[in-house]
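So in my numbering, spot 454 of the sequence shown is number 456, and the numbers just go up one at a time.
We treat Cβ as the ideally placed atom computed from N, Cα and C, and that holds for glycine.
Keep in mind it's a predicted model, so treat the numbers as computed, not measured.
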Amino acid sequence: MNNYVLYRKWRPKSFSDLVGQTAIRKTLVNAISQNRIAHAYLFSGPRGTGKTSTARILAKAINCKTENIEDRLICNTCENCTDINSSNSLDLIEIDAASNRGIDEIRSIRDKSNYSPSKSLYKVYVLDEAHMLTKDASNALLKTLEEPPPHVIFILATTEADKMEPTILSRCQRFDFKKIDNNDIFQRLEQIANDEKVNISESAIKRIAEISEGSLRDAESFLEQAILSNDEEYIDINQINTILGITDSKQIELLQESILTGNINQTIQLINNSVSNNTSIKQLHNSLIISLRETLITQASTSNDKERILHMAKCLKILVNLDFSKSLNHTSSLEIAAIEASMLKENEDYIPSKVIINEAPIKTLENTANQTPENSIEEIIETEKPNIVVPNENILKDMHSETDNQEKIETIAEQNTEVPNENIIKSDSWQSIIEKFAKIKGERFAIGALLRDCREASIDNEKLYLSFASNSNQERFIGELEHGRIKLDLIESISKTFQISTLKEIVYNDSEKKNNSNNNSVNLSVMKALNWGGQIIEEEVQNDE
Ligand SMILES: [Zn+2]
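Structure below.
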């Protein structure tokens, strides 16, 4: 079985096949039944929640040739339906806006959209990742949306609607897709397993549903992975844990208990055991959060022990705040977070380490630990991830040797606050790198297209510092570098172009933080200090003095 066979085979073909999204399904079915069809739709929501599947179903529903099929809108047998099902329709045009984000591409779409559909009533354009369009491209698209040809329908799909131009949003009928409920995912996986004659335990399916975090596409892909890598006749939860790199629930319970009771040695031991067993550190982190959250919710609803509940909430807060996207060493990052959580004692506030950056005159970095007790538990549970947390291995060693951690981090940050070299984004050399990688496609995206989203780049001390305008592009970029030779080729090209010794590392800045500031050097020095093991607790802009 090839990758994504299950996902393609089980792709919903009718509105009734769609998993979850009941409200969206009903609204669309009613509208189409009454022939109220909009010319532009916006489907926004997390990945794997059915946006592009719904777009294809919508395209079939408005173009299906079979009439009088009672309460169904789609026959799945006529020419138009089968063309779409086999991805051969000339009237359903699916475009990845991440790779086709410029004004020329949108103008070309606009010109072509003027031609009549080849076989259908409507020509349907699906623009996936629509938030990636440039401002000029968005403006060009807006003109088309303002006066669309009568036979054209645009469906814009996005995971980040807030990054789209408000003028575009106002032209679209908007549908917000929600993460799919675990039970719905469970039922779908059970149905697939039955039909595919896969012998798998209920608890194994439940575990897959849990770790998929509301993405049916991920769930189907995990199930497929489990089927492919299993030699036994029967798949149980232990095999799922091994295959997907998840620690079994007893280990998670033990780890949680050792954190809550402040047993640092055992905490580290358990994390290291999991790593030796090839457990994915992200899955371990995720499972720990799920488990701690469940315990906290149970305690909060059944116990009056407020100190214990608050203690759990604070531990959970530290773990939730761990952000692997800024981390150089995931194991160390989890170890440090777990140690910090273990050091919290009931009825006592742990004061996290802080960073002082000398060269950041307009900012102060203060810890907010003293405010924590005033936070309600709900606030703590709902706390957003902080912008940056980057511990490193040296710091961990220092913590093991019981030196004064706080003082150590300050010293390291202070010694190394020189600003990295200038922003090279505008240089011809950087543009030549973008051009060179413009046509090199990773698994899903062109590397050059992603690099174009960088707002700052600098090279210092054999490290490349990158700052993307959008977090999702940064994640995509990191993902693409994991495949094949792309990372090696990129490093080689940059080293050669800028005539430096071979780069050893790529360090990512936090894009949202960057947007809050106009001072590049401050961002870069903060970024660099973080790379040495600092931690930003909170940023504050001071008045000029
Ligand atoms: Zn049909």
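- Unbroken alpha helix (DSSP H) stretches of 4 residues or longer found wholly inside the stretch 445-479: 449-453, given in chain order.
- Bridge partners of residue 156 according to DSSP: 42, 127.
- The set of residues with CB atoms less than 5 Å from any heavy atom of ligand 1 reads, in chain order, 66, 68, 77, 80, 83.
- Residue 443 carries a strand assignment under DSSP once its states are collapsed to helix, strand and coil.
- Here the C-alpha atom of residue 510 lies approximately 31 Å from the C-alpha atom of residue 44.
- Minimum Cα-Cα distance from residue 22 among the listed residues 32, 215, 179 corresponds to 179.
- Pairing residue 103 with residue 68 gives a Cβ-Cβ distance that is not under 8 Å.
- With at least 16 other beta carbons inside 10 angstroms of its own, residue 467 counts as buried.
- Residue environment: residue 482 is assigned as buried (16 or more neighbouring CB atoms within 10 Å of its CB, all protein chains considered).
- In the DSSP assignment, residue 187 falls within the alpha helix (DSSP H) that extends over 184-197.
- Inter-segment contact for the stretch 251-266 and the stretch 23-42 is absent: fewer than three beta-carbon pairs are separated by less than 8 Å.
- The secondary-structure analysis by DSSP pairs residue 202 across a beta bridge with 237.
- Under the 10 Å beta carbon count, residue 25 is surrounded by fewer than 16 other beta carbons and is classified as exposed.
- Taking the CA atoms as reference points, residue 12 sits about 47 Å from residue 267.
- DSSP places residue 508 in the uninterrupted beta strand (DSSP E) bounded by 507-510.
- Pairing residue 424 with residue 460 gives a Cβ-Cβ distance under 8 Å.
- Secondary-structure assignment with DSSP links residue 97 through a beta bridge to 129.
- Secondary structure of residue 500 (DSSP, three-state): coil.
- The alpha-carbon separation between residue 88 and residue 215 amounts to approximately 29 Å.
- Going by DSSP, residue 224 is part of the alpha helix (DSSP H) stretching over 218-230.
- Residue 159 is a Cβ neighbour of residue 54, given a cutoff of 8 Å.
- 56 is the residue among 142, 8, 56, 48 whose C-alpha sits nearest the C-alpha of residue 19.
- In the DSSP assignment, residue 175 is bridged to 43.
- The C-alpha of residue 236 is placed about 53 Å away from the C-alpha of residue 106.
- With fewer than 16 other Cβ atoms from the protein chains shown falling within 10 Å of its own Cβ, residue 307 counts as exposed.
- Here the C-alpha atom of residue 109 lies approximately 7 Å from the C-alpha atom of residue 142.
- The three-state secondary structure of residue 166, taken from DSSP, is coil.
- Inclusion of residue 188 and residue 207 in the CB contact set at 8 Å is warranted, their separation being smaller than that value.
- Just so you know, the alpha carbons of residue 246 and residue 122 end up roughly 44 Å apart.
- The C-alpha of residue 30 is placed about 15 Å away from the C-alpha of residue 46.
- Residue 455 is classed as buried because its beta carbon has at least 16 other beta carbons within 10 Å across all chains shown.
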